[in-house]
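Residue numbers (the numbering used here), protein chains in the order written: chain G, 40 to 310; chain F, 40 to 310; chain E, 40 to 310. We treat Cβ as the ideally placed atom computed from N, Cα and C, and that holds for glycine. Heads up: the structure comes next, in structure tokens.
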Amino acid sequence: MLSSTDLVQAVTADLGKIRETAPLVLSLTNSVVQPLTANLLLAIGAVPAMLNDAEEAVDMLRSGTGALLVNLGTVTREQGAAMQTAVREANRLNIPWVLDPVAVGALSLRTRLAGQLKEQSPRIIRGNASEIMALAGYSSVTKGPESTSSSADALHAARELALHTGAAVLVTGRTDYSTDGRQVTATENGHAMMSRVTGVGCSMGALSAACAAVSPTPLQAAVSTAVLMGIAGEMAFEQSPSPGSFAVSLLDSLYALSPEDVVRRARFLSL
Amino acid sequence: MLSSTDLVQAVTADLGKIRETAPLVLSLTNSVVQPLTANLLLAIGAVPAMLNDAEEAVDMLRSGTGALLVNLGTVTREQGAAMQTAVREANRLNIPWVLDPVAVGALSLRTRLAGQLKEQSPRIIRGNASEIMALAGYSSVTKGPESTSSSADALHAARELALHTGAAVLVTGRTDYSTDGRQVTATENGHAMMSRVTGVGCSMGALSAACAAVSPTPLQAAVSTAVLMGIAGEMAFEQSPSPGSFAVSLLDSLYALSPEDVVRRARFLSL
Amino acid sequence: MLSSTDLVQAVTADLGKIRETAPLVLSLTNSVVQPLTANLLLAIGAVPAMLNDAEEAVDMLRSGTGALLVNLGTVTREQGAAMQTAVREANRLNIPWVLDPVAVGALSLRTRLAGQLKEQSPRIIRGNASEIMALAGYSSVTKGPESTSSSADALHAARELALHTGAAVLVTGRTDYSTDGRQVTATENGHAMMSRVTGVGCSMGALSAACAAVSPTPLQAAVSTAVLMGIAGEMAFEQSPSPGSFAVSLLDSLYALSPEDVVRRARFLSL
């Protein structure tokens with residue numbers, strides 16, 4: 040288990056490597072959050088790619104893609120098939136991929152699809168408490184894309200899910216939990232305003248893919264995601280405490296985020 | 040017929056109920072305006088949900104959805120079929136639904152579809168003058184999504200459409216008209232800059248769905264929509280008189296909008 | 040060959056005509072950039088229309104459309120077929136159309152499609168260096184949607200492509216090159232921050248369509264596009280040097296852009 044100081048160093052190292060290597064992140068994601076996701080990846084220093092065609096997804100994976108994001112937010116049968124194709128190719132090429140199981144549980148198509156995808160070796164699974172509980176097989180009440188459970192409620196499910204799938208699981212909420220099933224890192228960066236902007240959660244999935252492209256382990260990538268996005272959210276709220284301008288400042292903050300900001304602001308909890 | 044004072048109280052009551060109950064609004068809407076629509080619903084205090092699959096739309100309607108928006112802006116045959124399924128289920132569950140017939144008249148697929156949907160008991164129909172006239176069966180010249188008629192021109196058509204469909208009709212323009220076919224409420228909040236940001240009109244459709252989830256009548260929901268969005272537009276323009284920053288301030292204004300703002304700014308016309 | 044003074048006058052004339060005539064630009068474009076594209080067209084004074092259905096594209100072209108944009112960024116087989124239909128109708132009606140071959144080269148579906156579309160008389164082809172080289176038949180290394188070649192590298196390919204297709208070719212980069220195969224105009228407006236916001240390049244394709252609707256020649260429309268967007272980018276960076284707020288200021292700057300700004304800032308290179 041890393042100390043807080045080691046964790047902070049690992050987060051700043053991931054940030055530095057994203058900016059230095061500009062990993063290409065192929066995001067098969069929902070149409071609502073495509074603009075924010077692409078802009079957020081650009082702001083942190085990664086290169087976003089988005090497309091719909093399965094054959095082209097394979098082409099892109101073979102052309103220097105650093106990580107793949109699969110987000111089920113507005114999935115259709117056709118997009119689901121493209122995701123399956125992309126995941127197989129990513130695994131064949133040993134490209135890390137992230138599963139973001141938006142609103143699984145109540146919605147049938149994505150729940151079936153997520154149940155299949157979780158068996159195909161995602162490196163990271165990112166969700167709120169309700170989504171992680173549903174994906175782990177526990178029932179949970181959701182209200183649309185919003186979670187009604189706390190992330191602490193989901194920690195047991197997250198550990199089971201991590202052990203079952205081999206993925207690092209990132210449960211986002213007031214406290215963010217990152218676990219590979221054995222170790223758990225709890226972090227408390229972020230601001231409630233992040234839930235008043237559409238796509239911030241989904242963009243954490245994309246950021247975790249960028250981190251997975253450069254980080255030594257999926258667990259570290261999950262922790263870096265929670266800390267970097269959380270700190271950017273805090274900085275954004277200090278600049279802009281209303282949701283429209285907050286979303287703008289969130290991008291500005293990710294662009295400006297320095298290693299010193301990480302050292303000063305990262306908050307790890309003892310468990 | 041309510042007095043202006045009663046109307047203002049009813050608008051502030053709707054605003055309070057949206058913030059208190061956070062209704063889930065399922066928006067089957069066009070891809071151009073999805074981000075603004077979702078952010079606007081979050082800013083006012085509602086919870087947005089968006090998806091593409093017909094089966095999932097039914098699942099979502101059965102999971103606590105407060106209102107459904109059907110917006111035809113980028114409709115395809117496949118999305119049209121999902122909309123038909125969703126509307127049937129909403130009616131079965133007595134969930135209010137809103138029809139936003141973007142650019143009907145010149146465009147064949149959506150004109151046929153809107154003609155069918157208007158017969159299926161929408162609670163609110165929201166459109167600009169050209170769209171309402173076309174949907175009511177009058178010819179009207181449109182220029183893409185922009186209206187070339189004034190909302191006053193469309194008032195007769197709006198009353199007929201309301202009587203025929205049983206919906207409250209909201210005609211948006213410099214003056215906004217809300218009618219159930221018998222009563223008409225004319226309001227004059229808003230700013231011309233709202234037409235320089237894509238999706239503001241479509242977001243009024245989404246806001247009217249949020250209002251329909253909490254308001255005592257569809258007519259009141261239409262009036263509340265016109266007043267709340269119009270006032271937010273005025274406040275936004277005072278902060279930010281250029282279109283990029285205006286769009287940001289529009290979200291900030293909806294978030295900040297107080298009952299006092301409504302009392303001070305609501306402008307009802309005598310007809 | 041026009042002098043710099045003549046070129047500046049021609050650019051300001053195009054800007055004036057867009058604002059005066061508000062051309063309707065039908066954009067068949069990728070889902071990531073739809074909101075920015077629509078907002079950018081509105082900011083400069085054009086009217087955006089977006090839709091997915093092939094039959095409706097034909098309807099719209101017959102209803103006063105000034106120019107058509109075909110952008111391959113998230114193309115599917117179905118959207119590709121709609122694009123083919125729209126291009127045929129645009130040519131039949133003598134409506135200028137723009138091809139934006141996003142990320143052609145590595146990705147198979149769009150590369151095949153772009154190869155067909157370039158033979159169908161686009162008035163303007165807009166791309167970065169890698170895209171123009173790939174479309175002209177030269178191999179080039181791309182990293183997702185980003186170009187790894189400089190626009191100067193692509194100038195030879197651009198001239199060949201222009202002569203072969205009859206289109207004006209606009210190669211965007213640090214220096215922007217506009218050519219009809221015989222004349223070349225090089226312009227140096229813009230700012231590197233434009234590449235940190237998703238959709239700025241794609242929005243140049245849309246702006247070039249708006250210019251093509253009003254400009255005396257496709258070549259002039261390409262030059263006007265490069266200069267107007269570049270100047271707006273410079274003005275935006277002076278206001279907002281971080282990417283989130285830069286994107287907002289870019290729209291504000293296009294809205295505010297005056298003929299005097301063009302005269303003062305336009306930078307033409309001698310070749």
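{"Query": "Rounded C-alpha distance that separates E94 of chain E from E299 of chain F", "Result": "49 Å"}
{"Query": "Beta-carbon neighbours of T44 of chain G, restricted to chain F and to distances below 9 Å", "Result": "Those do not exist, as T44 of chain G stays about 37 Å from chain F at its closest Cβ, beyond 9 Å."}
{"Query": "For T76 of chain E and A245 of chain E, believed in contact at Cβ under 8 Å, the rounded distance", "Result": "5 Å"}
{"Query": "Sequence ranges, alpha helix (DSSP H) only - wholly within the segment 223-310 of chain E, length at least 4", "Result": "239-253, 257-278, 282-295, 298-304"}
{"Query": "Residues that Y294 of chain E contacts on chain A, provided the C-beta gap is smaller than 8 Å", "Result": "Looking at the structure shown, chain A is missing, and the protein chains on hand are G, F and E."}
{"Query": "Bridge-paired residues (DSSP) for G166 of chain G", "Result": "G:V210"}
{"Query": "Residues within the segment 135-163 of chain F neighbouring chain E, beta-carbon criterion of under 8 Å", "Result": "A142, A145, L146, S147, L148, R149"}
{"Query": "Alpha helix (DSSP H) segment containing A121 of chain E, residue limits", "Result": "116-131"}
{"Query": "C-beta contact flag for A265 of chain F and S217 of chain F at 8 Å", "Result": "yes"}
{"Query": "Contact set for G229 of chain G: own chain, Cβ-Cβ below 6 Å, skip 5 residues either direction", "Result": "G269, G272"}
{"Query": "Contact under 8 Å by Cβ, V210 of chain F with I57 of chain F", "Result": "no"}
{"Query": "Cutoff 8 Å: N133 of chain E Cβ touching any chain F Cβ", "Result": "no"}
{"Query": "Buried/exposed call for P255 of chain F, threshold 16 Cβ in 10 Å", "Result": "exposed"}
{"Query": "Pair within 8 Å by beta-carbon distance, C241 of chain E and G112 of chain E", "Result": "yes"}
{"Query": "Reduced DSSP category for L147 of chain G - H, G, I as helix; E, B as strand; rest coil", "Result": "According to the sequence provided, residue 147 of chain G is Ser. The question's Leu does not apply to it. Looking at S147 of chain G - three-state DSSP - the assignment turns out to be helix."}
{"Query": "For T204 of chain G, three-class secondary structure by DSSP", "Result": "helix"}
{"Query": "Beta-carbon proximity of E117 of chain E to L100 of chain E, cut-off 8 Å", "Result": "no"}
{"Query": "Option in E:L200, E:L65, E:N133 with minimal Cα separation from G154 of chain E", "Result": "E:L200"}
{"Query": "is_contact[P87 of chain G, chain E] using C-beta, thresh 8 Å", "Result": "yes"}
{"Query": "Interface flag, M274 of chain E vs chain F, CB-CB below 8 Å", "Result": "no"}
{"Query": "Extent of the continuous alpha helix (DSSP H) run through P74 of chain G", "Result": "73-83"}
{"Query": "Sequence-distant residues of the same chain with beta carbon closer than 8 Å to V72 of chain G, five excluded per side", "Result": "N110, G112, T237, G238, C241, S242"}
{"Query": "Chain G contact for V287 of chain E (CB, 8 Å cutoff)", "Result": "yes"}
{"Query": "Cβ separation of R165 of chain G and W136 of chain G, assumed to be a contact under 8 Å, to the nearest whole Å", "Result": "Their Cβ separation, rounded to whole angstroms, is 12 Å, which puts R165 of chain G and W136 of chain G out of contact at 8 Å."}
{"Query": "Nearest-angstrom Cβ-Cβ length linking D53 of chain F and A260 of chain F, presumed shorter than 8 Å", "Result": "7 Å"}
{"Query": "Members of the segment 78-103 of chain G that neighbour chain E once the beta carbon cut-off is set at 7 Å", "Result": "N78, L81, A82, V86, P87, A88, M89, L90, N91, D92, E94, E95, D98, M99, S102, G103"}
{"Query": "Neighbour-count burial assignment, E20 of chain G, 16 or more Cβ in a 10 Å radius", "Result": "Because chain G in this structure spans residues 40 to 310, residue 20 of chain G falls outside the shown range and cannot be described."}
{"Query": "Element boundaries [alpha helix (DSSP H), containing T44 of chain F]", "Result": "43-60"}
{"Query": "Cβ-based burial, N78 of chain E [other Cβ within 10 Å; buried from 16]", "Result": "buried"}
{"Query": "Delimiting residues of the beta strand (DSSP E) encompassing V141 of chain G", "Result": "Note, V141 of chain G: premise wrong, no beta strand (DSSP E); not H, not E."}
{"Query": "Proximal residues of chain G, C-beta to C-beta of L290 of chain F below 7 Å", "Result": "P282, G283"}
{"Query": "Contacts that S70 of chain F makes with chain E (C-beta to C-beta distance below 7 Å)", "Result": "S70, Q73"}
{"Query": "Contact belief for A207 of chain F with D219 of chain F at Cβ below 8 Å, rounded distance in angstroms", "Result": "5 Å"}
{"Query": "Integer-rounded CB distance, given that F307 of chain E should sit under 8 Å from T224 of chain E", "Result": "7 Å"}
{"Query": "First and last residue of the uninterrupted beta strand (DSSP E) at A93 of chain F", "Result": "Element bounds for A93 of chain F: not the beta strand (DSSP E) but the alpha helix (DSSP H), 93-100."}
{"Query": "Interface residues of chain E facing V114 of chain F [CB-CB closer than 9 Å]", "Result": "L90, N91, D92, E95"}
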